[in-house]
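Undergrad: Structure in structure tokens, see below.
2 protein chains.
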Amino acid sequence: MTTLPQPLTKGELVSLTPQHWRTRLEQAMQDEQQRMTRTRRLVLDWITAAEAPFSAETLVDDLTTRQGIISRPTIYRAVEWLRRTGWIGRIHHDGAEHTYARLLPGHYHHAVCTACGLTLVFGGCDLTQALLHTLVAHGFTVQGHLLELYGHCANCQQT
Amino acid sequence: MTTLPQPLTKGELVSLTPQHWRTRLEQAMQDEQQRMTRTRRLVLDWITAAEAPFSAETLVDDLTTRQGIISRPTIYRAVEWLRRTGWIGRIHHDGAEHTYARLLPGHYHHAVCTACGLTLVFGGCDLTQALLHTLVAHGFTVQGHLLELYGHCANCQQT
DNA sequence: GTCGTATTGATACGGAGTATCATAAAGCGA
DNA sequence: TCGCTTTATGATACTCCGTATCAATACGAC
Ligand SMILES: [Zn+2]
Ligand SMILES: [Zn+2]
Ligand SMILES: [Zn+2]
Ligand SMILES: [Zn+2]
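Protein chains in written order, with my numbering: chain P, 1 to 159; chain Y, 1001 to 1159.
Next up, the structure:
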């Protein structure tokens, strides 16, 4: 039996084996009456095997050509369900297309290397606290936020 | 002569009259060899008169129908130039289209009411400081970030 | 197996933004 | 004020990402 760092502490790096993610996910799918169809298995296999954040279009390209006929809408439906339920996190890239990363349901942020695309995932966040004071003073209640960090990873430091 | 709160302090609300923004912008356009064409004047008039953040498509709808023929690419070119040079800020809305707000060149964030669309603009930000420690420990240098806050404004507090 | 329901794939559509390129018009100096 | 050079524009068409529709299919509970 495996245990997980469930409520992550501030700044803690998320560490999660693909197999662990997959096991928990399939459990949840049963609990929520989600059928394990051929198509979903292929999508989940692909995502489980992914070594880095991926875009929906990458999935489409790979699965529609190699693994038999899987339609674009179905792939987007699967990805969107995983995102909505928190099993993958959506990563925003300003001008570019979204990418996704395996996660356990929860709250995370990403640090994306703009040179090589490497993405670090962080659990926990106290970011809203900083602005909260000013916002409260204006009667604004924060319910969510969007935060992505961009920079260079350890391997891409040379100017 | 008007003075501005140039380097904004943390959490300070940006206060800027449309006329002031316009004056400074036209100055900058001259300095940077940007021609003041009929089309740009119409676009700037529209943005100067805007009372809330706007989308590029709104501009297209308004200007192409009412003010004579202005092409969509031209509008997008103008908006993109203003964004690149910092005279407007791009506001991300997760799933939905971008909006833009008048700004002076600098660094800002937005708090968007998901009920009525009201957008507060904040100058200054210490948000990266919170995560920086962990990131530095991983050899990651932060060069930029994307942050939007979502919630309900003072007028939209009722359930 | 049978059956009801969830899911799929085909198709087509939509919004947002961009590439191209010949034409027009700013701005500047004569 | 008249060219002239350079920049900006508009028409057109296109790409990319994502979604609506809906008849046909396949889960999986029984
Ligand atoms: Zn890198
Ligand atoms: Zn957060
Ligand atoms: Zn509101
Ligand atoms: Zn910031």
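Each residue gets a CB set at the ideal place from its N, CA and C atoms; glycine is no exception. These figures come from a predicted structure and were not determined experimentally.
Counting only C-beta atoms, is P1005 of chain Y closer than 8 Å to chain P at any point?
TA: Its pLDDT being 37, under 50, P1005 of chain Y is placed unreliably by the model, and nothing is read from it.
Undergrad: Would DSSP call I1069 of chain Y helix, strand or coil?
TA: The answer is coil: DSSP assigns I1069 of chain Y none of H, G, I, E or B.
Undergrad: Buried or exposed for R90 of chain P, going by 16 or more other Cβ atoms inside 10 Å?
TA: Looking at its Cβ environment, which holds 16 or more other Cβ atoms inside 10 Å, R90 of chain P is buried.
Undergrad: Could you give the distance in angstroms between the alpha-carbon of L131 of chain P and the alpha-carbon of F140 of chain P?
TA: L131 of chain P and F140 of chain P: Cα-Cα distance of roughly 11 Å.
Undergrad: If you drop the 5 nearest sequence neighbours on each side, which residues of the same chain put their C-beta closer than 8 Å to that of R72 of chain P?
TA: The answer, listed in chain order, is V60, T64.
Undergrad: Starting from A49 of chain P, trace the alpha helix (DSSP H) in both directions and tell me its first and last residue.
TA: Unbroken alpha helix (DSSP H) run through A49 of chain P: 38–49.
Undergrad: Can you grab the Cα-Cα spacing for the pair G1106 of chain Y / G1086 of chain Y, in whole Å?
TA: If I take the Cα positions, the gap works out to 7 Å.
Undergrad: The beta strand (DSSP E) with E990 of chain Y in it runs from where to where?
TA: Since the first residue of chain Y shown is 1001 and the last is 1159, residue 990 of chain Y is not available in this structure.
Undergrad: Pop quiz: T119 of chain P and H109 of chain P are said to be a contact at Cβ under 8 Å. What is the actual Cβ separation, rounded to whole angstroms?
TA: Going by Cβ atoms, the distance from T119 of chain P to H109 of chain P rounds to 10 Å, so no, they are not a contact pair.
Undergrad: Return yes when at least one heavy atom of ligand 3 lies under 7 Å from the C-beta of L1118 of chain Y, else no.
TA: The answer is yes for L1118 of chain Y.
Undergrad: Once DSSP output is grouped into helix, strand and coil, what is the label at V1142 of chain Y?
TA: Note: V1142 of chain Y maps to strand in three-state DSSP.
Undergrad: Using only the alpha-carbon positions, how far apart do E148 of chain P and E80 of chain P sit?
TA: If you take the alpha carbons of E148 of chain P and E80 of chain P, they lie about 19 Å apart.
Undergrad: Is N1155 of chain Y near ligand 3 - that is, is its Cβ less than 7 Å away from at least one heavy atom of it?
TA: At least one heavy atom of ligand 3 is nearer than 7 Å to the Cβ of N1155 of chain Y, so yes.
Undergrad: Give the range of the beta strand (DSSP E) segment to which L1118 of chain Y is assigned.
TA: Per DSSP, L1118 of chain Y belongs to no beta strand (DSSP E) and is neither H nor E.
Undergrad: Rounding to the nearest angstrom, what Cα-Cα distance links A1154 of chain Y and H138 of chain P in this structure?
TA: The alpha-carbon atoms of A1154 of chain Y and H138 of chain P are separated by roughly 7 Å.
Undergrad: Decide if I69 of chain P is buried, meaning its Cβ has at least 16 other Cβ atoms within 10 Å, or exposed.
TA: Per the 10 Å Cβ criterion, exposed.
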